[in-house]
Amino acid sequence: MSQSAHSTQSPTSFEELVAEAEAAPTEGWDFSWFEGRATEARPSWGYARAMGERLAKAEAALDIQTGGGEVLNSADRLPPLTVATEGWPPNVAKATALLRPRGAVVVASPEDAPLPFADGTFDLVTSRHPVGPQWAEIARVLRPGGTYFAQHVGPRSAYEVVEYFLGPQPEGQSADRHPDRERAGAEAAGLEIVDLRAERLRMEFYDIGAVVHFLRKVVWMVPGFTVDQYRDRLRTLHERIEAEGPFVAHSARQLIEARKP
Numbered sequence: 001m002s003q004s005a006h007s008t009q010s011p012t013s014f015e016e017l018v019a020e021a022e023a024a025p026t027e028g029w030d031f032s033w034f035e036g037r038a039t040e041a042r043p044s045w046g047y048a049r050a051m052g053e054r055l056a057k058a059e060a061a062l063d064i065q066t067g068g069g070e071v072l073n074s075a076d077r078l079p080p081l082t083v084a085t086e087g088w089p090p091n092v093a094k095a096t097a098l099l100r101p102r103g104a105v106v107v108a109s110p111e112d113a114p115l116p117f118a119d120g121t122f123d124l125v126t127s128r129h130p131v132g133p134q135w136a137e138i139a140r141v142l143r144p145g146g147t148y149f150a151q152h153v154g155p156r157s158a159y160e161v162v163e164y165f166l167g168p169q170p171e172g173q174s175a176d177r178h179p180d181r182e183r184a185g186a187e188a189a190g191l192e193i194v195d196l197r198a199e200r201l202r203m204e205f206y207d208i209g210a211v212v213h214f215l216r217k218v219v220w221m222v223p224g225f226t227v228d229q230y231r232d233r234l235r236t237l238h239e240r241i242e243a244e245g246p247f248v249a250h251s252a253r254q255l256i257e258a259r260k261p
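So the sequence shown is residues 1 to 261, counted in full-length UniProt numbering.
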């Protein structure tokens, strides 16, 4: 999401803002549409830069749930063997167009399916915001001495948005994303934790269009979200933003680096 300050946009009415957000494409992990409409603080560790440094030294790398391939493509150098998986067909097409010219192969693979690779294929596995890490599969495809380096979404991320639309959520709803649970999952698969850090980061939505686009793009936040279903809640939130300023939420991010002995 954009880190810029709010700038004046042309659409201003509730209906205009919502219509514009509904028309915007949602494939890939390009968040430039939010420029001037929403901001999210960045984690201190700089995932893309750190990922790029590791890719530059790797021989064979796998990027899991690559989205539209934008994060992987940000690396200056890709290893001789670079493969990415992605499950959503529009993203598979987008990632292929972006990464094929760089010699990377994109494999269509559902996020919950076993990884379609032989044991010990990769010395580096990366992922930015996977739906859920398949620790046993990650460990299986890593070579001995290989590394899993990723940024995960932490527990109760952007729950101010979720709970505005769905009401209070059970405390254990996203407990499997807790750092302690992630550590346990990695270690159970035989990986050693090298680094594990967590941060909560401020998000601001400056207009209702940004909220609509966010919920259309990050579909697991409010499952089955449609404007028609939540029109009344959206209109109330629009009026609140107009009167009080940005709608504030907090994302949760975790950096995890694990090594296969």
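Here a beta-carbon is modelled for each residue, glycine too, at the ideal position from N, C-alpha and C.
These numbers come from a predicted model, not from an experiment.
Whole angstroms are fine: how far does the CA of residue j sit from the CA of residue i?
{"i": "Ser2", "j": "Glu192", "result": "Because the pLDDT of Ser2 is 48, which lies under 50, any placement of that residue in the model is unreliable, and the question is left without a value."}
{"i": "Ala60", "j": "Tyr159", "result": "37 Å"}
{"i": "Thr8", "j": "Glu20", "result": "With a pLDDT of only 46 at Thr8, under 50, the local geometry of the prediction cannot be trusted, and the value read off the model is given with reservation. Their backbone Cα atoms lie some 15 Å apart in a straight line."}
{"i": "Tyr206", "j": "Pro246", "result": "5 Å"}
{"i": "Ile138", "j": "Leu81", "result": "17 Å"}
{"i": "Phe117", "j": "Glu16", "result": "47 Å"}
{"i": "residue 266", "j": "Ala175", "result": "Lying outside 1 to 261, the shown extent of the chain, residue 266 is not represented and no answer is given."}
{"i": "Leu55", "j": "Arg233", "result": "44 Å"}
{"i": "Phe14", "j": "Glu163", "result": "21 Å"}
{"i": "His6", "j": "Arg200", "result": "Here the model assigns His6 a pLDDT of 42, short of 50, so the residue's position is not dependable and the matter cannot be decided."}
{"i": "Thr226", "j": "Arg216", "result": "8 Å"}
{"i": "Thr85", "j": "Leu115", "result": "8 Å"}
{"i": "Ile64", "j": "Val222", "result": "23 Å"}
{"i": "Leu237", "j": "Ala104", "result": "43 Å"}
{"i": "Ala186", "j": "Pro110", "result": "21 Å"}
{"i": "Leu99", "j": "Val106", "result": "8 Å"}
{"i": "Val12", "j": "Ile241", "result": "It should be noted that the sequence gives Thr, not Val, for residue 12. Roughly 12 Å between the two C-alpha positions."}
{"i": "His129", "j": "Gly28", "result": "13 Å"}
{"i": "Ser4", "j": "Trp135", "result": "Since pLDDT at Ser4 reaches only 40, below the 50 mark, its modelled position is unreliable, and no value is offered."}
{"i": "Arg235", "j": "Ala249", "result": "18 Å"}
{"i": "Gln254", "j": "Ala150", "result": "8 Å"}
Between residue i and residue j, which are expected to be in contact by the criterion C-beta below 8 Å, what is the C-beta distance as a whole number of angstroms?
{"i": "Gly154", "j": "Ala252", "result": "3 Å"}
{"i": "Lys260", "j": "Gly190", "result": "7 Å"}
{"i": "Lys196", "j": "Phe122", "result": "In the sequence on display, residue 196 carries Leu and not Lys. Contact doesn't hold; Cβ gap of about 21 Å is too wide."}
{"i": "Gly69", "j": "Asp30", "result": "Not a contact, Cβ separation roughly 10 Å."}
{"i": "Pro79", "j": "Ala58", "result": "4 Å"}
{"i": "Ala23", "j": "Trp33", "result": "The Cβ separation is near 11 Å, so there is no contact."}
So is residue i in contact with chain E if we call contact Cβ pairs under 8 Å?
{"i": "Trp45", "result": "The structure shown contains no chain E, having only a single protein chain."}
Can you check which of these residues, the options, is closest to residue i by C-alpha distance?
{"i": "Asp112", "options": "Ser127, Arg100, Thr96 and Pro133", "result": "Pro133"}
{"i": "Leu72", "options": "Glu199, Ala24, Leu237 and Val125", "result": "Val125"}
{"i": "Ala108", "options": "Ala95, Arg183 and Arg102", "result": "Ala95"}
{"i": "Thr26", "options": "Asn91, Arg140, Val141 and Gly224", "result": "Asn91"}
{"i": "Arg177", "options": "Gln229, Ile256 and Lys57", "result": "Ile256"}
{"i": "Ala41", "options": "Gln229, Thr236 and Met203", "result": "Met203"}
{"i": "residue 265", "options": "Ser32, Pro43 and Glu22", "result": "The requested residue 265 is not part of the displayed model; the chain covers only 1 to 261."}
{"i": "His152", "options": "Ala258, His238, Pro144 and Ala97", "result": "Ala258"}
{"i": "Asp119", "options": "Pro130, Pro101, Val106 and Arg143", "result": "Arg143"}
{"i": "Gly52", "options": "Ser127, Val248, Gly145 and Arg181", "result": "Ser127"}
{"i": "Val83", "options": "Val141, Val131, Gly224 and Ala188", "result": "Val141"}
{"i": "Arg230", "options": "Gly167, Gln254 and Ala184", "result": "Looking at the sequence itself, residue 230 is Tyr, so the reference to Arg does not match. Comparing Cα positions, the closest option is Gly167."}
{"i": "Gly145", "options": "Val194, Val131, Ala93 and Val161", "result": "Val194"}
{"i": "Arg77", "options": "Ala93, Arg102, Gly224 and Trp88", "result": "Arg102"}
{"i": "Trp88", "options": "Val131, Ala50, Glu239 and Ala75", "result": "Val131"}
{"i": "Ser157", "options": "Arg183, Tyr148, Arg181 and Val218", "result": "Val218"}
{"i": "Gly46", "options": "Ala75, Glu244 and Thr66", "result": "Ala75"}
Along the chain, where does the beta strand (DSSP E) that runs through residue i open and close?
{"i": "Phe14", "result": "First-last for Phe14: Phe14 to Ala23, but that is the alpha helix (DSSP H), not the beta strand (DSSP E)."}
{"i": "Tyr206", "result": "It is not in any beta strand (DSSP E) - Tyr206 carries neither H nor E in the DSSP assignment."}
{"i": "Asp63", "result": "Ala60 to Asp63"}
{"i": "Leu124", "result": "Phe122 to Arg128"}
{"i": "Arg259", "result": "Phe247 to Arg259"}
{"i": "Ala38", "result": "Ala38 to Glu40"}
{"i": "Val105", "result": "Val105 to Ala108"}
{"i": "Arg143", "result": "Leu142 to Val153"}
{"i": "Leu81", "result": "Leu81 to Glu86"}
Starting from residue i and walking both ways along the alpha helix (DSSP H), at which residues does that stretch end?
{"i": "Met51", "result": "Tyr47 to Lys57"}
{"i": "Arg233", "result": "Arg231 to Glu244"}
{"i": "Leu98", "result": "Pro89 to Leu99"}
{"i": "Pro179", "result": "Pro179 to Ala188"}
{"i": "Phe165", "result": "Tyr159 to Leu166"}
{"i": "Leu72", "result": "Glu70 to Asn73"}
Using 8 Å as the cut-off, can you tell me whether the stretch 30 to 39 makes contact with the stretch 203 to 215, which would need three or more C-beta pairs spanning the two stretches below that distance? The stretch 30 to 39, when compared against the stretch 203 to 215, does touch it at the 8 Å Cβ threshold.
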